[in-house]
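Right, one structure below, let's go through it.
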């Protein structure tokens, strides 16, 4: 794969409009007669709804309607369909669009108020009188496992929704024979996605046909359509869902949300357009979160540093519902054994319901959790043996000559997971070279002279990308010679338009400016899955390539017929098909498109099919595995406990780079998210399930002043599993970052310091550890 | 609620409007005047996405009431370059990949626009402090910082 644009760091086609303030986000949509919605939400974590009195609220200025779940009974009823059904979940654990009889976390939507503006809707929401019987809540997943714990769902006999297991090899046998066994307990804390744009929905109804049109700030518009159609018992064709510009996603916007259903039901009921824009307070209590897990793991290893087997158990805090099924624990299990060539593995995850905001993937899903576990264990083994951390990894990693490497774990479809390509030791060696690990002790000493402690951290990861089943794209040349790409893949800022235009422009010999990309509108492309799991470059990118090459072949066939020249003697360039070496002997794409668009009574040349267009779907039947090795240096202030990341180096291999500028941007943003997980982001609830960190004064996000520059080096091992040789890049920055930073902090605290098995860490932690506690 | 009259200069144009006293400047710009380039990210004054310039200073439009703009000069992202003719700072954002989803971008631009007027030769550390009241979840800040540095040095070399 190479061309004028594929592989070039071209600036993004998206940017000019966004920079000029001309983006069109969901809150920028203004429809005539539109009402504004506000939700009445649960203010405590568990309770039974006795009654909802809307009388006073309905009489307030500007209020048009207030609906509860009971008011929708003539349209639809029951819980929402599950997004990812799983045989272990006998009964789906999904929300009702509005709470039915029980509220199960602070923030759960109970009623929807429609008014002439948002302020009036919020005033009225505050005036709705709720009579809710208090029920005991549980906010700690470990306590929730105990038999006498309050139940998150009062009708359930247990809070353990499912127990998932995975493993391979003779774990007991390897443990019995290994030179050493260590046990560690890990605590990974919950955080949020915090896209700068919260969620939002604008829905409308056609008063003649009842057809619905929904704009939503979503990563999964086609899933919204599918599940809404099923819930409303309508044909998908009667529901158009589209995503306008979306201000960041990072995972949680991949869910189909209760608010999307409730707003749509309110539109059907009121027969008015309705807008709901989530505010930041709602985002903290109603948008899914992630990462809360505790693990107890045993690792078996030999005197030479080779890690041989891991076994253990996880308690996974799933929150109050499982909108996305068991996707998180399943991803955790599938992320083992990472880059390590283990002989055996035996893991079990208890998926535990708590009266907290539900969880679903946040950038990396459970891959950052597993990278943290594996990398911390590798450091632990090195420390135990008095060996270099990198040496343990070199001896334990899958080697390049073992590729393709079957890990022993099964993918979600039951097929064996097989790493397609890569050089994990090579990546580690390169990152150590780039950060100049050899001379680190000199830097440590220099830092010490300034009264601070310096540490070097390392962490590697493998990332499954290109999750199936497919995305698709159509490529069409208009009679004006412009290229229109339509795809179901939604965008949240990743630069898809630019990347797809690069692929198509190369295939069709046009300029980037000639290409328009339309994403995620169910009226413009029939099918789509979701922008999750670092899958769009592989799935949609390959689809664009396949469709563009079909169009190319058609243009060449046309020109061959018209010019009476063999197809092999033709090439595309400058918006035309021309004879190789004779640029003037050509037919413009616009002319071919015009001819294939047809003229009354005139047969098409060569009896060709109409339209210079093609559609293709790329079935991503086998995952492709990106990987990376990170190294960073931190400075710890022993007086204040402040940790400062002073250098961060990434070696990353995501196969062929479509656009290095965009890939580097994905990695940088991803690393910073991981640094946030390591040092700042802590979603805290009290024992009653009340969230305590619901502002950005309390919940700390990484800011410019605290972030280092991120130095990136690419290795490009083309994937053999798709036509453009790419692997996903959306999460590879985040996955090892928290592990890398914590590794550096531990190194800074020295051989007498603790083994750090949790994140985020705070200055209080550091000071306590330095005091020897 | 009694509406109040306000007279102000918006992006170089003198404007008069009647405003509900409880409406903040961000909502007023977006929903009353249709200037949707200003974005609301947190509405509690931390994320900086809604930053506009009032009387030359960067202001969080979610923390200022619309009635307070009476007699002031207000600048929003719409006063910078247009899509076909970006300002040097906007162009530097594109060149350095200083934006992804674009949602925090208007606030970043207006913060830096005000900052660079008064600080023509900042260091990297200075720029990071200048945008320490603006959250970006996408970029890791590096492209934004570099865009500001490039804009300052390009301007210095022209003068």
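Protein chains in written order, with my numbering: chain A, 1 to 773; chain B, 1001 to 1159.
Using N, Cα and C, we set each Cβ at its ideal position, and we do this for glycine too.
Cα-Cα separation between residue i and residue j, rounded to whole angstroms
i, j, result
"residue 424 (chain A)", "residue 197 (chain A)", "36 Å"
"residue 1052 (chain B)", "residue 224 (chain A)", "35 Å"
"residue 1 (chain A)", "residue 718 (chain A)", "Only weak support exists for where residue 1 (chain A) lies, its pLDDT of 48 falling under 50; the value from the coordinates is given anyway. Cα to Cα, residue 1 (chain A) sits roughly 9 Å from residue 718 (chain A)."
"residue 511 (chain A)", "residue 742 (chain A)", "46 Å"
"residue 1113 (chain B)", "residue 766 (chain A)", "38 Å"
"residue 618 (chain A)", "residue 327 (chain A)", "23 Å"
"residue 372 (chain A)", "residue 759 (chain A)", "9 Å"
"residue 12 (chain A)", "residue 256 (chain A)", "29 Å"
"residue 723 (chain A)", "residue 85 (chain A)", "31 Å"
"residue 727 (chain A)", "residue 1025 (chain B)", "45 Å"
"residue 682 (chain A)", "residue 701 (chain A)", "9 Å"
"residue 1125 (chain B)", "residue 705 (chain A)", "7 Å"
"residue 51 (chain A)", "residue 128 (chain A)", "11 Å"
"residue 214 (chain A)", "residue 530 (chain A)", "17 Å"
"residue 318 (chain A)", "residue 352 (chain A)", "6 Å"
"residue 316 (chain A)", "residue 413 (chain A)", "22 Å"
"residue 1014 (chain B)", "residue 1007 (chain B)", "7 Å"
"residue 729 (chain A)", "residue 534 (chain A)", "6 Å"
"residue 580 (chain A)", "residue 1099 (chain B)", "41 Å"
"residue 29 (chain A)", "residue 491 (chain A)", "18 Å"
"residue 1075 (chain B)", "residue 1012 (chain B)", "8 Å"
Proximal residues of chain B, C-beta to C-beta of residue i below 9 Å
i, result
"residue 246 (chain A)", "1101 and 1103"
"residue 157 (chain A)", "The premise fails here: residue 157 (chain A) is roughly 40 Å from chain B at the closest Cβ pair, so nothing lies under 9 Å."
"residue 402 (chain A)", "Near residue 402 (chain A) there are no residues of chain B at all, since even the closest Cβ is about 33 Å away, more than 9 Å."
8 Å Cβ cut-off: residues of chain B touching residue i
i, result
"residue 500 (chain A)", "The premise fails here: residue 500 (chain A) is roughly 16 Å from chain B at the closest Cβ pair, so nothing lies under 8 Å."
"residue 695 (chain A)", "1042, 1044 and 1046"
"residue 195 (chain A)", "1101, 1103 and 1137"
"residue 6 (chain A)", "By Cβ distance, chain B contributes nothing, its closest Cβ being about 18 Å from residue 6 (chain A), past 8 Å."
Interface partners of residue i on chain A, CB under 9 Å
i, result
"residue 1078 (chain B)", "20, 21 and 22"
"residue 1086 (chain B)", "15, 16, 19 and 20"
"residue 1129 (chain B)", "704 and 705"
"residue 1097 (chain B)", "9, 11, 12, 15, 495, 661, 662, 664, 665 and 668"
For residue i, the first and last residue of its enclosing alpha helix (DSSP H)
i, result
"residue 793 (chain A)", "Coverage of chain A is limited to positions 1 through 773, which leaves residue 793 (chain A) absent and any answer about it impossible."
"residue 281 (chain A)", "280-286"
Within chain B, partners of residue i - CB distance below 7 Å
i, result
"residue 17 (chain A)", "1083"
"residue 28 (chain A)", "1036"
"residue 279 (chain A)", "1043"
Beta strand (DSSP E) segment containing residue i, residue limits
i, result
"residue 368 (chain A)", "Unbroken run through residue 368 (chain A) is the alpha helix (DSSP H), 367-385; no beta strand (DSSP E)."
"residue 1019 (chain B)", "1013-1019"
"residue 65 (chain A)", "63-68"
"residue 406 (chain A)", "405-410"
"residue 767 (chain A)", "That residue, residue 767 (chain A), is in no beta strand (DSSP E); its alpha helix (DSSP H) goes 763-770."
"residue 51 (chain A)", "47-53"
CB-CB length for residue i against residue j, believed under 8 Å
i, j, result
"residue 1077 (chain B)", "residue 1037 (chain B)", "4 Å"
"residue 160 (chain A)", "residue 292 (chain A)", "No, residue 160 (chain A) and residue 292 (chain A) are not in contact; Cβ-Cβ is about 15 Å, not under 8 Å."
"residue 605 (chain A)", "residue 558 (chain A)", "7 Å"
"residue 1050 (chain B)", "residue 1040 (chain B)", "5 Å"
"residue 732 (chain A)", "residue 652 (chain A)", "6 Å"
"residue 164 (chain A)", "residue 88 (chain A)", "7 Å"
"residue 746 (chain A)", "residue 455 (chain A)", "7 Å"
"residue 75 (chain A)", "residue 232 (chain A)", "7 Å"
Neighbour list for residue i in chain A, Cβ cutoff strictly below 7 Å
i, result
"residue 1140 (chain B)", "668, 669, 671, 672, 707 and 710"
"residue 1054 (chain B)", "Within 7 Å Cβ-Cβ: nothing; residue 1054 (chain B) doesn't reach chain A, min ~17 Å."
Proximal residues of chain A, C-beta to C-beta of residue i below 8 Å
i, result
"residue 1154 (chain B)", "Those do not exist, as residue 1154 (chain B) stays about 16 Å from chain A at its closest Cβ, beyond 8 Å."
"residue 1145 (chain B)", "704"
Closer than 8 Å is the cut-off here; do at least three beta carbon pairs connect the region 27-37 of chain A with the region 1120-1134 of chain B? no
Would you check if there are 3 or more beta carbon pairs closer than 8 Å linking the region 657-664 of chain A to the region 2-21 of chain A? yes
Do the region 492-512 of chain A and the region 563-578 of chain A make contact, defined as three or more Cβ pairs closer than 8 Å? yes
Are the region 330-345 of chain A and the region 310-318 of chain A touching, with three or more C-beta to C-beta distances below 8 Å? yes
How about the region 113-128 of chain A and the region 667-674 of chain A: do they share at least three Cβ pairs that are nearer than 8 Å? no
Between the region 258-273 of chain A and the region 191-207 of chain A, can you find at least three pairs of beta-carbon atoms closer than 8 Å? yes
Within 8 Å, do at least three Cβ pairs link the region 535-546 of chain A to the region 609-627 of chain A? yes
The region 280-290 of chain A / the region 231-249 of chain A touching (three or more Cβ pairs under 8 Å): no
Count the CB pairs spanning the region 1084-1104 of chain B and the region 492-502 of chain A that are closer than 8 Å, and state whether there are at least three. yes
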